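Chemist: Structure below; questions to follow.
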Amino acid sequence: MLELLWFLSDSHLFFSFPISALVAPWVSPLTKYSSMMTQAVPYTYPVPVRDDGNMPDIPSHPCDKEGPSLEWLKNF
Numbered sequence: 004m005l006e007l008l009w010f011l012s013d014s015h016l017f018f019s020f021p022i023s024a025l026v027a028p029w030v031s032p033l034t035k036y037s038s039m040m041t042q043a044v045p046y047t048y049p050v051p052v053r054d055d056g057n058m059p060d061i062p063s064h065p066c067d068k069e070g071p072s073l074e075w076l077k078n079f
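According to our numbering, the sequence shown holds residues 4 to 79 in order.
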């Protein structure tokens with residue numbers, strides 16, 4: 004009986020941690036910005052190659068800007 008009373012007195016701690024672990028990522032601004040960066044950065048990074056004029060989908064120089072801009076991250 005004493006163990007049951009102890010559990011009931013601290014049950015708010017027992018239930019608050021899992022609930023906060025599920026809710027915290029959805030309200031965190033870190034989640035928003037990390038998902039924005041994940042969408043802006045590609046998963047695979049191609050090997051830089053020089054364009055010989057026959058490859059329209061490859062930039063002419065490895066440092067040429069291509070893809071979404073990360074200006075929002077610089078201004079943050």
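Think of the CB as a built atom: it goes at the ideal place given N, C-alpha and C, for glycine as much as any other residue.
Predicted model only: the values in this text are computed from it and were never measured.
By DSSP, does Phe79 sit in helix, in strand, or in coil?
Modeler: Reduced to three states, the DSSP call for Phe79 is coil.
Chemist: Would you give the residue range spanned by the alpha helix (DSSP H) that Leu73 belongs to?
Modeler: Element bounds for Leu73: n/a, residue is neither H nor E.
Chemist: To the nearest angstrom, report how far apart Ser23 and Ser14 are at their CA atoms.
Modeler: If you take the alpha carbons of Ser23 and Ser14, they lie about 14 Å apart.
Chemist: Taking only beta-carbon positions, decide if Met39 is within less than 8 Å of chain B.
Modeler: The structure shown has no chain B; it contains just one protein chain.
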